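Residue numbers (my numbering): 33 to 121. The structure appears right after this line, and notes come after that.
In structure tokens:
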């Protein structure tokens with residue numbers, strides 16, 4: 033499987049966010065994926081400045097899968113924060 037620049041960034045963001053101690057950076061990264069998804073969807077469906085080709089579908093898929101993965105990871109991040117708070121008390 034050939035990896036491109038966007039794929040490398042996505043994996044890097046996800047690995048970084050899975051091991052973050054700061055929730056704010058996790059939320060900022062998640063927000064950037066939502067922003068990218070909205071941007072590409074608006075280019076195709078609102079402004080009609082891009083055709084729905086593989087060049088546009090690839091970033092849409094990267095953003096969508098990254099959002100799904102990060103939302104799943106967010107559940108574990110919250111559980112981890114709760115367990116750390118219980119250990120402190």
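Glycine included, every Cβ here is placed at the ideal spot set by N, Cα and C. Source: prediction; values computed, not measured.
Which of helix, strand or coil DSSP assigns to residue i
{"i": "residue 81", "result": "coil"}
{"i": "residue 119", "result": "helix"}
Cβ shell of residue i (< 6 Å), same chain only, five flanking positions each side left out
{"i": "residue 99", "result": "65"}
{"i": "residue 113", "result": "none"}
{"i": "residue 84", "result": "76"}
{"i": "residue 62", "result": "102"}
{"i": "residue 68", "result": "95"}
Other residues of its chain near residue i: CB distance less than 8 Å, five sequence neighbours each side excluded
{"i": "residue 88", "result": "72, 75, 76, 82"}
Own chain partners of residue i with C-beta closer than 7 Å, once the 5 adjacent residues on each side are dropped
{"i": "residue 109", "result": "55, 58"}
{"i": "residue 118", "result": "none"}
Check: residue i C-beta below 7 Å from any heavy atom of the ligand COA
{"i": "residue 102", "result": "This structure lacks the ligand COA; in fact it carries no ligand of any kind."}
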